[in-house]
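In the numbering used here, the protein residues as written are 6 to 110.
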Amino acid sequence: MRFTANRDVAISVENLEKSRKFYEETLGLKLVESGTRRAVYDAGHLTLYIVEGMPHPPVLSFTVESLHAAKRRLLKRDCEIVVERENSLYFRNPSGVVFDVIEPK
6 MRFTANRDVA ISVENLEKSR KFYEETLGLK LVESGTRRAV YDAGHLTLYI VEGMPHPPVL
66 SFTVESLHAA KRRLLKRDCE IVVERENSLY FRNPSGVVFD VIEPK
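What follows is the structure, encoded as structure tokens:
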């Protein structure tokens, strides 16, 4: 099984509205999706997710063919599953670093 880095990076913000103003007006990033707790931007060579109240530092995202197999592998290697969704999960590695894993639909 191979984990392949993708173009997604997520960062936590304290105030989504204030942060949106910065990313849109100061940096000129193009908003591609928004919700009550997050905004998604086309930042050129990557997609930037800003998430209000996310409980960890910036997150690098990986793509896998099988989320189920990835989860088994991570748990066998002393990783902790932090958040689990239908086609993605966040895990904390043994050093405490949080990553995102996505199985494309």
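We treat Cβ as the ideally placed atom computed from N, Cα and C, and that holds for glycine.
Here the structure is a predicted model, which means the values were calculated and not measured.
Can you name the residues that DSSP bridges to residue i?
| i | result |
| --- | --- |
| R43 | V56 |
| S93 | I107 |
| L36 | Y46 |
Can you tell which of the options has the C-alpha that lies nearest to the C-alpha of residue i?
| i | options | result |
| --- | --- | --- |
| L1 | P62, L34, T41 | Outside the shown range of the chain (6 to 110) lies residue 1, about which nothing can therefore be said. |
| G49 | I107, V14, R90, R42 | V14 |
| L94 | S100, K81, K76, N20 | K76 |
| L36 | E89, R42, Y46 | Y46 |
| Y54 | R7, V87, N11 | N11 |
| M59 | K81, V87, M6, E38 | V87 |
Cα separation between residue i and residue j?
| i | j | result |
| --- | --- | --- |
| G103 | L65 | A small fix is needed here, since residue 103 is Val in this sequence, not Gly. When rounded, the distance between both Cα atoms is 8 Å. |
| A74 | F96 | 14 Å |
| E29 | N92 | 29 Å |
| L79 | E70 | 14 Å |
| L41 | N20 | Before going further, note that residue 41 is Thr rather than Leu in the sequence given. Answer to the nearest angstrom: the Cα atoms are 11 Å apart. |
| K26 | A44 | 11 Å |
| K81 | N98 | 11 Å |
Measuring CB to CB, does residue i end up less than 9 Å from residue j?
| i | j | result |
| --- | --- | --- |
| I107 | P62 | no |
| T9 | F67 | yes |
| E57 | S100 | no |
Quick one: complete alpha helix (DSSP H) runs, 4+ long, within the stretch 57-86?
-> 72-81
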